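Every letter in the sequence shown is one number past the one before it in our numbering, and letter 237, counting from 1, is 262. The C-beta atom is built at its ideal place from N, Cα and C for all residues, glycine as well. These numbers come from a predicted model, not from an experiment. Take a look at the structure below.
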Amino acid sequence: MTTAPTAHGPLDDTPAPLSLTAEQRRSFDEDGFFLLEDALSPTEVAELLHIVDERYAGYRSARDLGDQAFQMRNIVALDPLFLRLVDHPRILPLIVDLMGFNVQLRTSHADVRPPQPPADAAAELGAPGSFFPWHSDAPQWGWPRVAGLIPFMEMKVGYYLTDLSTPNSGEICVVRGSHLSTQPTDAEGQRPIDAADIVSVNVRPGTALIWRTQLLHALRPNLSTQARRCLYYGYHPRWIRPSDFHQQRPDVLARCSPVQRQLLGELGTGQSNYDGDDPDVQPVSRYWRPQDDDIPLKAWAQDLRQSQQQLQEQTPPSTS
Ligand SMILES: O=C(O)CCC(=O)C(=O)O
């Protein structure tokens with residue numbers, strides 16, 4: 026069986042996971058995704074929906090959007106509530122387990138998909154020319170490939186804020202295991218996809234999808250009566266450049282914790298010592314060679330692991 030490269034870090038020295046279960050590990054490696062129900066509480070969902078709706082209403086009237094689907098990018102800079110999700114306590118340990126601590130945000134977006142006309146259901150799911158064709162996320166001209174496959178370059182967390190439990194409510198569909206395929210297309214641009222591998226993410230509000238963005242994905246039309254609203258946060262290693270921003274605004278950074286600043290692409294002392302101590306002769310980027318204060322997520326993960334170990338040591342063994 027083909028196996029998927031998983032972590033960005035020393036492979037022979039992988040520490041115990043902070044939160045990832047063996048089944049989540051298996052799913053992420055073999056299927057390319059897993060679901061986490063109740064990742065967000067009903068209160069969080071309600072608060073986030075409020076912000077999405079407020080922002081969307083503003084853009085809808087200012088830009089005369091009508092009922093077309095709309096995406097807001099770099100939402101971490103739009104509202105402190107969106108920023109808070111970048112290091113959500115239920116999700117951050119999973120990100121560190123899956124990608125390591127040398128990571129940052131690549132993108133954050135909110136997607137609003139109002140109800141669509143029934144005609145949008147006529148085309149085959151993800152067909153070329155349909156409203157949302159099959160694709161995997163990639164920069165212009167694609168990722169470099171290794172033996173035809175896309176290496177593990179980034180992951181996304183999708184947060185679903187509206188009820189998607191009914192088919193054709195605008196749910197995302199992923200092709201299970203497609204990160205382990207060369208993803209060929211035929212002369213018409215069709216992708217030979219086995220219907221048995223298509224997983225429709227029909228979930229309740231508050232569910233998170235944790236997935237490799239190499240996975241082929243498409244959307245089913247939203248034939249429900251309410252707009253589908255969801256959020257996506259993409260993470261990648263710090264030595265790649267983000268897609269939504271060069272640098273976040275000072276007022277956004279001012280409200281960040283050190284870990285959030287790392288995730289928004291900032292450096293610690295590397296800010297004033299970006300090229301190292303010998304910049305004329307041996308410049309070295311602190312993104313390429315971070316020091317610990319550039320990546321507070323490293324200490325955060327160590328502290329969490331330590332407190333988990335202490336708790337385990339203090340817990341009396343079960344007598345049953
Ligand atoms: O779920 C959606 O609306 C779009 C998801 C998507 O294509 C992406 O995040 O790359």
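TODO: Please list, in chain order, all residues of the same chain as Gly151 whose beta carbon is under 6 Å from its beta carbon, the five residues on each side excluded.
DONE: Here residue 151 refers to the residue found at position 126 of the sequence shown. Here the set comprises Pro158, Trp159 and Ala243.
- [ ] Kindly confirm or deny that the stretch 75 to 93 and the stretch 285 to 293 touch, where touching means at least three C-beta pairs closer than 8 Å.
- [x] no
Task: Buried versus exposed, by CB contacts within 10 Å (16 or more), Asp276 - done: On the sequence shown, residue 276 is found 251 positions in, with the first residue counted as 1. Classification for Asp276: exposed.
- [ ] On a CA-only basis, which of Gln93, Phe53 and Glu179 is nearest Arg201? Give me that one, please.
- [x] For the purposes of this step, residue 201 is taken as residue 176 along the sequence shown, with counting starting at 1. When only C-alpha atoms are compared, the closest one is Phe53.
Open item on the list: Please output, in chain order, the residues near ligand 1 using a CB cut-off of less than 5 Å to any non-hydrogen atom of the ligand.
Closed with: Asp136, Asp162, Ile197 and Tyr257
Task: Buried/exposed call for Thr250, threshold 16 Cβ in 10 Å - done: Taking the sequence shown and counting its residues from 1, the one referred to as residue 250 is at position 225. Thr250 should be labelled exposed.
TODO: Compute the beta-carbon to beta-carbon distance between Tyr185 and Pro230, rounded to the nearest angstrom, for a pair I have assumed lies under 8 Å.
DONE: Your numbering for residue 185 matches position 160 in the sequence shown. Your numbering for residue 230 matches position 205 in the sequence shown. With 8 Å as the limit, Tyr185 and Pro230 qualify as a contact, their Cβ atoms being about 6 Å apart.
Task: Straight-line gap, Pro42 to Leu256 (C-alpha atoms, nearest Å) - done: Within the sequence shown, the letter at position 17 stands for residue 42. Within the sequence shown, the letter at position 231 stands for residue 256. Each residue's Cα considered, the two are about 26 Å apart.
Open item on the list: Going by beta-carbon coordinates alone, are Gly57 and His204 separated by less than 8 Å?
Closed with: Counted from its first residue, the sequence shown places residue 57 at position 32. Counted from its first residue, the sequence shown places residue 204 at position 179. Yes, the pair counts as a contact, with Cβ atoms nearer than the cut-off.
- [ ] Starting from Gln285, trace the beta strand (DSSP E) both ways and give me its first and last residue.
- [x] Within the sequence shown, numbered from 1, the residue matching residue 285 stands at position 260. Looking at the DSSP string, Gln285 is not in any beta strand (DSSP E); the run it does join, the alpha helix (DSSP H), is Pro283 to Leu288.
Task: Separation of Val306 from Glu62, as counted between CA atoms - done: Taking the first residue of the sequence shown as 1, we reach residue 62 at position 37. Taking the first residue of the sequence shown as 1, we reach residue 306 at position 281. About 52 Å.
Open item on the list: Rounding to the nearest angstrom, what Cα-Cα distance links Val228 and Ala324 in this structure?
Closed with: Taking the first residue of the sequence shown as 1, we reach residue 228 at position 203. Taking the first residue of the sequence shown as 1, we reach residue 324 at position 299. The straight-line gap separating the alpha-carbon atoms of Val228 and Ala324 is approximately 34 Å.
Task: Segment contact flag, the stretch 203 to 219 with the stretch 92 to 101, C-beta cutoff 8 Å, min 3 pairs - done: no
Open item on the list: Considering Cα atoms alone, identify which of Ser206, Arg253, Glu72 and Ala279 is closest to Arg138.
Closed with: The count along the sequence shown starts at 1 and reaches residue 138 at position 113. Here the closest residue by C-alpha is Arg253.
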